[in-house]
Structures are given as C-alpha cells and as structure tokens.
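Sequence order for the protein chains is H and C.
According to our numbering, the residues represented by the first sequence are 1 to 141, in order.
According to our numbering, the residues represented by the second sequence are 1001 to 1141, in order.
Think of the CB as a built atom: it goes at the ideal place given N, C-alpha and C, for glycine as much as any other residue.
Being a predicted model, the structure only gives us computed values, none of them experimental.
Following: one structure in structure tokens, then a few remarks.
2 protein chains.
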Amino acid sequence: MDWEERLSRAGGRITAPRRTVMAVLRRAARPLTPQEIHARGRRFHRSLGLATVYRALAVLERVGLVRRVHLAARCDGYMLASPGHYHVLVCRRCGRTVEFVGAEDLEGLIAQVERGTGFRVEDHLLQLVGVCAPCQGERPS
Amino acid sequence: MDWEERLSRAGGRITAPRRTVMAVLRRAARPLTPQEIHARGRRFHRSLGLATVYRALAVLERVGLVRRVHLAARCDGYMLASPGHYHVLVCRRCGRTVEFVGAEDLEGLIAQVERGTGFRVEDHLLQLVGVCAPCQGERPS
DNA sequence: GCTTTTTTTGAAAAAATTTTTCAATTATTA
DNA sequence: TAATAATTGAAAAATTTTTTCAAAAAAAGC
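Structure (structure tokens):
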C-alpha cells in the first residue's frame, strides 16, 4: 500500500500540495521545518501556500506518513515516517537522520516503570542524538 | 547543592524572577507553558514580564534545573529537572508527570544502534506517555 | 464524460508565540 | 558603599501558526 492509498483510505484526498510535501520530504536529507518545505515545494508547485503546507503536514502526520522530530532546540522538523514504529537518530553536526526499530528493547524498561509508578504506559518517544560516520571524520567544530 | 548554588556557579544571578519561575514549577503538577508560568508567577511577583520568563527558562534549562517536555502536540511545556539524567512519563489524561531513571536500560540498545548505523550516540530523549493510576480508575473520556 | 457534493486551496488577515531593544534596576564584586 | 556587569520590564519587532472565505479541485454519482 503506497502513501496515496493510505491517505485515501483515511478519507483524505490526493492533491498537488500534498504530493509536493511528500516529494520534498522524500528528497530531504534531514528533517525540514514547514518554512523549508514550503520554500522547496514552490519549485515544484509555484503557487503553494504556507498555510497549505501546515495543513498538509497535520493530515500526513495524523495518518502516520510523516513524523515530527523533536529536538532540544527546535521542535518543528518533519521527516517521512516509515510504516511501523520507528525511532529516530539525528546527527547534531549535519542533521542527517536515520530511523531504527527499538520497541522490543524498551519493553523491559517500560514494564519496570509501570510497576514503579502505577502508570499504564501507552506510547513512547525515543530519539537519539549523535554524530554520523562522515561527520566523525571531520575537524571538530 | 541547591538550585541557587547551581545557578550561581554557572555564572547566573539569583533574582526575583528566577526565584518565581522556580517556585511556580516546584508547585506545578504538570509541565507548564511559558504563558502559564507567567500567569502563575504574577501572583508572587506582580510586575513579572513574559519576556523575562522566556529568558529565565532559557537560563535554567541551560543549567539543567529545568527540563523542556516535548509532547506530540505541543512542545512548549517546562517542568523542574531532577539532577542527573532522568526521563519523563506523562499522563495523557491529567498531565501529571513523573521522572524515572532509565539510562542503563538503553545502553544495549544504543550500542546496537551505533553498530548498525556508524553514528556515535551522544544523547537521547526518551519520554513515555500513559495513564496514571488515579486516571485509570475514572470513566474513559 | 459530465454534474453534484464535499474537501482542499491560496491569499490575506488575525492570532499567538518568541525575540530584541533599551533605559532603568538590581545583584555581585571589590 | 561604590563600581561593574548582568538582568529586568515594557514595548516593539519578528516569527510562527491558525483562521477566514471565496475559488478551485477531487471524488462520487449518474
């Protein structure tokens, strides 16, 4: 099932602006802000409005096609979401982002937290920050 | 070492607005936005400015006394940070927040991700969302 | 393919959030 | 206590996000 079908099934329409946002994110090497998506999207779709980018991101995120990346400083970066539950690893030098699966490894921890706090844990947000292989070779900033 | 000493050692001054922000967060049952901190802080400190709250939060966060909580929807909530590396568990019903230690449990996962991606992992953000014990008893919303 | 219905869009305006500026005030240091 | 350097509040500016609304476009029905 491709993204258009996923969006369709969720009741959303396939439109040029949404295609553009997906295309921009597919080409992106790092999470992009709505502004950045808008600027890049305009190359494909001259009249694309910024408000429409916000609306497209909201829909695509709700459907699970796009993921919002929360960083310490800024939390307005978006990237494509792989289907399934993934986590994110961001390079603090170049912004490059990699997804990884890691839910199983958290199960023990979550069970322990549930026992200790009485909470029923339903979801989690795990993001790692580091330096990617190419950036490790470069002169420290 | 109390928070005033920690801030002092980091070169920051102990001022009424900063005391107010700390007092508000100490009393808070859930992460608060800068606006909320400002509104509550004014009860103690009539002339407190919103810009000053932003500035105080930035300093206190840099020093590690305050933690920014990133949630899916909003990522402008702040709470007091316990010294050391803690994680956060938020109740999605009432907003109540609990901290827990969990770094060790992530070590295996992190080592595995480093092997798989070539990144050197330096930091991580882990937050759990669930329902706290009291809210589990209530009628589902 | 055409028409109808409903969603989505772009532009502008509005609202909300965050940052900057700057003179006055306050905390620290000597 | 005086000197100094950081911090403050208020207002303005900048930025980000949301709303409004008529026009355009997508999906569904015929």
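{"query": "Does the beta carbon of C:Glu1122 come closer than 8 Å to any beta carbon on chain H?", "result": "yes"}
{"query": "Cα-Cα, which of C:Gln1112, C:Thr1097, C:Leu1032 is closest to C:Asp1076?", "result": "C:Leu1032"}
{"query": "If you pair each beta-carbon of the region 1093-1108 of chain C with each one of the region 1058-1066 of chain C, do three or more pairs fall below 8 Å?", "result": "no"}
{"query": "Cα separation between C:Val1066 and H:Asp2?", "result": "42 Å"}
{"query": "Would you mind reading off the limits of the alpha helix (DSSP H) that contains C:Phe1100?", "result": "That residue, C:Phe1100, is in no alpha helix (DSSP H); its beta strand (DSSP E) goes 1097-1100."}
{"query": "Do H:Ala28 and H:Met79 count as a contact pair if the criterion is CB distance below 8 Å?", "result": "yes"}
{"query": "Is H:Ala111 buried or exposed, if buried means 16 or more other CB atoms sit within 10 Å of its CB?", "result": "exposed"}
{"query": "Applying the 10 Å Cβ sphere with the 16-neighbour rule, what's the burial state of H:Gly130?", "result": "buried"}
{"query": "Compute the distance between the beta-carbons of H:Leu126 and C:His1070, then report whether it is under 8 Å.", "result": "no"}
{"query": "Look at the alpha carbon of H:Leu48 and the alpha carbon of H:Ile37, and state the distance between them as a whole number of angstroms.", "result": "10 Å"}
{"query": "Leaving out five residues on either side along the sequence, give the residues of the same chain with a beta carbon under 6 Å from the beta carbon of H:Gly12.", "result": "Val59"}
{"query": "Taking C-alpha atoms, which residue in C:Val1088, C:Tyr1054, C:Pro1034 lies nearest to H:Leu109?", "result": "C:Val1088"}
{"query": "On the CB-based measure, 16 or more other CB atoms within 10 Å of its CB, does C:Ala1081 come out buried or exposed?", "result": "buried"}
{"query": "Could you tell me how far apart the beta carbons of H:Arg30 and H:Gly95 are, in whole angstroms, since I believe they sit closer than 8 Å?", "result": "3 Å"}
{"query": "Taking 8 Å as the threshold (beta carbon to beta carbon), is H:Thr117 in contact with chain C?", "result": "yes"}
{"query": "If you measure between the beta carbons of C:Val1024 and C:Leu1057, is that distance less than 8 Å?", "result": "no"}
{"query": "In angstroms, rounded to a whole number, what distance separates the CA positions of H:Ala133 and C:Glu1138?", "result": "49 Å"}
{"query": "Closer than 7 Å by C-beta to H:Arg42: which residues in its own chain qualify, once you throw out the five before and the five after it? Chain order, please.", "result": "Leu48"}
{"query": "DSSP state of C:Arg1030, grouped into three classes?", "result": "coil"}
{"query": "Taking C:Val1113 and H:Leu128 to be in contact with their CB atoms under 8 Å, please state how far apart those CB atoms are, rounded to whole angstroms.", "result": "6 Å"}
{"query": "Any beta-carbon of chain H closer than 8 Å to the one on C:Ala1010?", "result": "no"}
{"query": "Rounded to the nearest angstrom, what separates C:Gln1136 and H:Glu122 at their Cα positions?", "result": "12 Å"}
{"query": "Does C:Ala1056 come within less than 8 Å of chain H when only Cβ atoms are used?", "result": "no"}
{"query": "Skipping 5 residues on each side, what residues in its chain have a beta carbon closer than 6 Å to that of H:Ser141?", "result": "Any reading at H:Ser141 must be qualified, since the residue scores a pLDDT of 47, below 50, and its modelled position is unreliable; the value itself is stated next. Excluding residues within five positions, none has a Cβ falling inside 6 Å."}
{"query": "Give the interface partners of H:Ala133 over in chain C, defined as CB-CB distance under 9 Å, in chain order.", "result": "Thr1117, Gly1118, Phe1119, Arg1120"}
{"query": "For H:Arg9, count neighbouring Cβ atoms within 10 angstroms of its own Cβ and tell me buried if that reaches 16, exposed if not.", "result": "exposed"}
{"query": "Output needed in chain order: residues of the region 1082-1100 of chain C with a Cβ under 8 Å from some Cβ in chain H.", "result": "Leu1089, Cys1091, Arg1092, Val1098, Phe1100"}
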